[in-house]
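Q: Residue numbers (the working numbering), protein chains in the order written: chain F, 668 to 994; chain R, 765 to 1016.
Just so it is clear, CB atoms sit at the ideal spot from N, CA and C, and this is done for glycine as well.
It should be emphasised that the depicted structure is a prediction, and the values quoted were computed from it without experimental measurement.
To start, I am sharing the structure in question, which I have written as structure tokens.
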Amino acid sequence: MGAVLVLLERRGGDPKGSSLQALSTARKLADASGDPVVALAFGAGASSCAAVAGAHGASKLLAVDDASLDLYVPEVYAATLAEAAKSTGADTVLVPGTSLGRDVAARAAARLSTGLLSDVVEIERGAGGALRGKRPVYSGKAYAWASVPQARPAMATLRPNVFPAVASGSGPAEVVPTAAAKVPARCKVVRLETAPAAELDVAEASIIVSGGRGLRGPENFSLVRDLAAALGGAVGASRAVVDAGWIPHAHQVGQTGKVVSPSLYVACGISGAIQHLAGMSSSKVIVAINKDPDAPIFKAATYGIVGDVFEVMPKLTEEVRKIRADA
Amino acid sequence: MKIVVCIKHVPDTEAKIKIGPDGKSPDLAGVKMIISPYDEYALEEALLIKDKDPATEIVVATAGDDGASASLRQALAMGADRAIRVDVPGSGGDALSRARVLAEALRAEAPDLVFTGKTGVGDDEGQVGPMLGELLDRPHVGAAFALAVEGGRFVAQRGIEGAVEVVEGDLPAVIAWDKGDHPPRYASLKGIMAAKKKPLDVRAAGGSAAATVVRESLELPPPRAAGRILKGDAAETAHELARLLREEAKVI
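See below:
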């Protein structure tokens, strides 16, 4: 059918986990048709990804080894991705569904006049080899199956932490030094500013502890932070407390915040408004702690505790510390 | 300064989604429709620029059917100067088709800035902003939460996983907004009255190509299995929960 091209997003030199998930998914799609998987990486030292790219299924690595592309340059990344799709004769382009991936894929799709399935949680080839994907819509209140019947290459961004990363033990990918597309760079990322505590982002966390109005004030968010720290998870929040200014919007889970599907979601003092439930109800295990036994959050919960967050949370933090220390 | 704000007319975020009779689209009968929240943040940011420099012209644009005019009127009531609706069925098909008809309408406007939301509620694709950048041959910033413009240059900040990107670039540019520091204003009674007299230009969509992405079906998520309420005081329930998370759910 044609190669499957995968964009690798690097942080600190190595491809991020979501990129390895995309590579492994590409390998699976390509195995069915016997096509090669080609990876594309930007920035100084891009060729150093050859071993890990090869182990996850790429036979070739297009390495755009250029220090001016260490940080995201939307126009150049998108044009280079589009050129790589053409030069490799790619039938399919898979991109990790991260902030960078979703942004660059959309621009590249417009450049290629092709179809892009955003944020898919399942992917396959349907009739005639058309790329099909299942994706959450209305922030997970529903799921849509969509396909790219004709336009090629068909593109998709993959929701992080949904597809497995599988190291097959193959040797390194063949490095193909590749020049960046010659397009103007009229905007670029000039620097990254990290959050003071280098906090774990809810979008990437496998465990999230979220707080809502039941905590009564921003000063009590330490209960959420303590439990999150004990669990090694990220701190989330409901829209109500973000709107009240207790915590920045980056922590908001829900329809106008982040849509998450961690393995464990602990909702503390959150009643469970429909727009919050939309953002977290695909989590594997949901714990709800709330005083009100009629709170809608209990309908979504795997385990519920009807009780005062101020009494339950410190005890739970203690229990979690104990159980993890024993392990 | 001229700013075009692209908005989308969408179901309220509090709305429950029901599957329509075609099995592909939601049944929107009786559902309240609103300006997509991120588009409303974008509009507010444009209005703040106009508050400082009243010479700024704000044009609000959408691709949609007649129903979408209500959101344009709402934007005019909040303070936009005039509106353009590119007449397409529903909300205009897939993202690329929508971006194309919007880009075509925008070219003649030659704005300094094109604003839109980082994603439209519903399709949740986040494609139109970056696509407008490409189709209009302009730089774009996706998911910006702050912007400063000076002397033909801009500096934007955008939140990514665990960090903030500081993005610098040239005008004209396309900025897709995340939620920033400024909650959208309410339309005043005076604004609502004035909006009735502001121009709302309805245009036919140019010859658009076939959709590249086709919706096959829409389904509701499977219902979650009934959960378990733990009994006992705070110490007992906390102990039992930690044990269940480790031994039964195996997530810690």
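(1) Buried or exposed: where does A874 of chain R fall if 16 or more other Cβ atoms within 10 Å of its Cβ makes it buried?
(2) Which residues, taken in chain order from the region 735-747 of chain F, show a beta carbon closer than 8 Å to some beta carbon of chain R?
(3) From the DSSP output, read off the bridge partner residues of V878 of chain R.
(4) At a cut of 8 Å, does the region 921-936 of chain F reach the region 945-963 of chain F through at least three beta carbon pairs?
(5) Just reading off the alpha helix (DSSP H) that S814 of chain F is part of, what are its end residues?
(6) Taking Cβ-Cβ distances below 9 Å as the criterion, which residues of the region 938-972 of chain F are in contact with chain R?
(7) Hey, quick one: how far does the beta strand (DSSP E) through G878 of chain F stretch, first residue to last?
(8) If you measure between the beta carbons of F888 of chain F and G878 of chain F, is that distance less than 7 Å?
(9) Whole angstroms are fine: how far does the CA of T883 of chain R sit from the CA of R802 of chain F?
(10) List, in order along the chain, the chain F residues whose C-beta lies closer than 8 Å to that of V930 of chain R?
(11) Taking the straight line between their C-alpha atoms, what separation do you get for V795 of chain R and E778 of chain R?
(12) List the residues of chain R whose Cβ lies closer than 8 Å to the Cβ of G807 of chain F, in chain order.
(13) Could you tell me the distance, in whole angstroms, from the CA atom of P894 of chain R to the CA atom of A1002 of chain R?
(14) If I990 of chain F sits next to R1010 of chain R, beta carbons under 8 Å apart, how far is it from one beta carbon to the other, in whole angstroms?
(15) In chain order, what residues of the same chain have a beta carbon less than 6 Å from the beta carbon of P948 of chain R, not counting five sequence neighbours either side?
(16) Determine which residues share a DSSP beta bridge with V978 of chain R and list them.
(17) Going straight from the alpha carbon of A968 of chain R to that of D975 of chain F, what length do you get?
(18) Please give me, in chain order, every unbroken run of the alpha helix (DSSP H) with length at least 4 that falls completely inside the region 737-795 of chain F.
(19) Express the C-alpha separation of C935 of chain F and I993 of chain R in angstroms, rounding to a whole number.
(20) Let me know the secondary structure DSSP gives V1015 of chain R once reduced to three states.
(21) Check whether chain R comes within 7 Å of K982 of chain F, counting only Cβ atoms and requiring the distance to be less than that.
(22) Which ranges would you report for the alpha helix (DSSP H) in the region 870-944 of chain F if only whole runs of at least 4 residues count?
(23) For chain R, find out if any of its Cβ atoms is closer than 7 Å to the Cβ of L687 of chain F; answer yes or no.
(24) Using a Cβ-Cβ distance under 7 Å, would H749 of chain R count as near chain F?
(25) Taking C-beta pairs closer than 7 Å, name the residues in chain F that K843 of chain R reaches, listed in chain order.
(26) Round the Cβ separation of A841 of chain R and A959 of chain R to the nearest angstrom and send it over; I've been treating them as touching at under 8 Å.
(27) Between E789 of chain F and chain R, is any beta-carbon pair separated by less than 7 Å?
(28) Going straight from the alpha carbon of E791 of chain F to that of S814 of chain F, what length do you get?
(29) By how many angstroms is the C-alpha of D997 of chain R removed from the C-alpha of S766 of chain F?
(30) If we count Cβ pairs, one from each stretch, closer than 8 Å, do we get three or more for the region 840-848 of chain F versus the region 705-720 of chain F?
(31) M895 of chain R touches chain F at which residues, Cβ-Cβ below 8 Å?
(32) With respect to the alpha helix (DSSP H) encompassing T692 of chain F, which residues constitute its N-terminal and C-terminal limits?
(33) Using the rule of at least 16 other Cβ atoms within 10 Å of the residue's Cβ for burial, across every protein chain shown, is R853 of chain F buried or exposed?
(34) Does the distance from the CB of L750 of chain R to the CB of A794 of chain F come in under 7 Å?
(35) Just reading off the alpha helix (DSSP H) that R988 of chain F is part of, what are its end residues?
(36) What do you reckon, are the CB atoms on Q891 of chain R and F909 of chain R nearer than 7 Å?
A: Reading it off the structure:
(1) exposed
(2) L738, Y739, P741, E742, A745
(3) R:V768, R:V938
(4) Three or more Cβ pairs drawn from the region 921-936 of chain F and the region 945-963 of chain F lie within less than 8 Å of each other, which places the two stretches in contact.
(5) Counting along the chain, S814 of chain F falls outside any alpha helix (DSSP H), though it belongs to the beta strand (DSSP E) covering 809-815.
(6) A940, I941, Q942, A945, S948, S949, K951, V952, I953, V954, A955, I956, P960, F965, K966, A967, A968, T969, Y970, G971, I972
(7) Per DSSP, G878 of chain F belongs to the beta strand (DSSP E) from 874-878.
(8) Yes, these two residues count as a Cβ contact at 7 Å.
(9) 15 Å
(10) V856, V857, R858, L859, E860
(11) If you take the alpha carbons of V795 of chain R and E778 of chain R, they lie about 10 Å apart.
(12) P985
(13) 47 Å
(14) 5 Å
(15) E804, E808
(16) F:S814
(17) 58 Å
(18) Segments of the alpha helix (DSSP H) lying fully in the region 737-795 of chain F: 741-754, 766-778.
(19) 15 Å
(20) V1015 of chain R: coil per DSSP, three-state reduction.
(21) yes
(22) 889-898, 906-910
(23) By this cut-off, L687 of chain F is not an interface position.
(24) Lying outside 765 to 1016, the shown extent of chain R, residue 749 of chain R is not represented and no answer is given.
(25) Residue identity differs from the one stated: residue 843 of chain R is Gly in this sequence, not Lys. Ordered by position in chain F, no residue passes the 7 Å Cβ test against G843 of chain R, which lies about 22 Å from the chain.
(26) 4 Å
(27) no
(28) 10 Å
(29) Taking the Cα positions, S766 of chain F is about 43 Å away from D997 of chain R.
(30) By the Cβ criterion, the region 840-848 of chain F is in contact with the region 705-720 of chain F, since at least three pairs of Cβ atoms, one from each stretch, lie closer than 8 Å.
(31) A773, R774, A776, A777
(32) 684-700
(33) buried
(34) The structure shown does not extend to residue 750 of chain R, since chain R is modelled only from 765 through 1016, so no value can be given for it.
(35) Per DSSP, R988 of chain F belongs to the alpha helix (DSSP H) from 976-993.
(36) no
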